[in-house]
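Comments concern the structure below.
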Amino acid sequence: GYAGSTSWKAALEDTTTRLLLGAIAVLLFAILVVMSILASKGCIKCEAPCPEDWLLYGRKCYFFSEEPRDWNTGRQHCHTHDAALAVIQSEKELEFLFKFTRREPWIGLRRVGDEFHWVNGDPFDPDTFPVSGPGECVFVEPTRLVSTECLMTRPWVCSKTAYT
Numbered sequence: 044g045y046a047g048s049t050s051w052k053a054a055l056e057d058t059t060t061r062l063l064l065g066a067i068a069v070l071l072f073a074i075l076v077v078m079s080i081l082a083s084k085g086c087i088k089c090e091a092p093c094p095e096d097w098l099l100y101g102r103k104c105y106f107f108s109e110e111p112r113d114w115n116t117g118r119q120h121c122h123t124h125d126a127a128l129a130v131i132q133s134e135k136e137l138e139f140l141f142k143f144t145r146r147e148p149w150i151g152l153r154r155v156g157d158e159f160h161w162v163n164g165d166p167f168d169p170d171t172f173p174v175s176g177p178g179e180c181v182f183v184e185p186t187r188l189v190s191t192e193c194l195m196t197r198p199w200v201c202s203k204t205a206y207t
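As structure tokens, then:
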């Protein structure tokens, strides 16, 4: 035999030990049930606020492309990632983009007739965000917004709401 088997067997026969082991088993089961309920309700977050290779600022995620393309190709790329060419909603957001615009990317602003319009339909205020240049599609320089021909190739920046 095994020398320790009699003491283990005796311990299992002890009522206090059996009650204690039973209580531990019930507690572990209860924890497991609570964790599965919380996970199913989304209380335990497994998802990052932004996809990989995207940058979080405020409540938005931004993707800064590396390769230059025309405005429409950039717009299509954003759309395939459930995003849009960046729509700037505040001066702080514009300042954020200025910091990351070493390569002067396209944004979601385009001239239609005499007026500029954001790709998502938000109103554009030319007093808040003046645009230089005679072109139709807008990109960000390090200190200003500039319009040029949409067929020009340059990087682009997409934005979308961060996951909550």
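If you use UniProt numbering, the sequence shown corresponds to residues 44 to 207, in order.
Glycine included, C-beta positions come from ideal geometry on N, C-alpha and C.
| Asked | Found |
| --- | --- |
| What separation, rounded to the nearest whole angstrom, lies between the Cα atoms of Asp57 and Val77? | 31 Å |
| Who are the Cβ neighbours of Leu194 in its own chain at under 6 Å, not counting the five residues just before and after it? | Asp113 |
| Per DSSP, Val183 forms a beta bridge with which residues? | Leu188 |
| Rounded to whole angstroms, what's the CA-CA distance from Leu70 to Glu90? Just pull it up for me. | 29 Å |
| Tell me the DSSP bridge mates of Phe107? | Val200 |
| Could you tell me whether the segment 163 to 178 touches the segment 140 to 150, where touching means 3 or more Cβ pairs closer than 8 Å? | no |
| Nearest by alpha-carbon distance to Asn115: which of Pro198, Tyr206, Lys203 and Thr207 is it? | Pro198 |
| Skipping 5 residues on each side, what residues in its chain have a beta carbon closer than 8 Å to that of Glu110? | Pro198 |
| How far does the beta strand (DSSP E) with Leu99 in it extend, from its first residue to its last? | Leu98 to Tyr100 |
| Under three-state DSSP, which class holds His124? | coil |
| Contact defined as beta carbons within less than 8 Å: I believe Phe182 pairs with Trp149. What is the distance between those atoms, to the nearest angstrom? | 5 Å |
| Measure how close the beta-carbons of Ile131 and Phe172 come, nearest whole angstrom, since I'm counting them as under 8 Å. | 6 Å |
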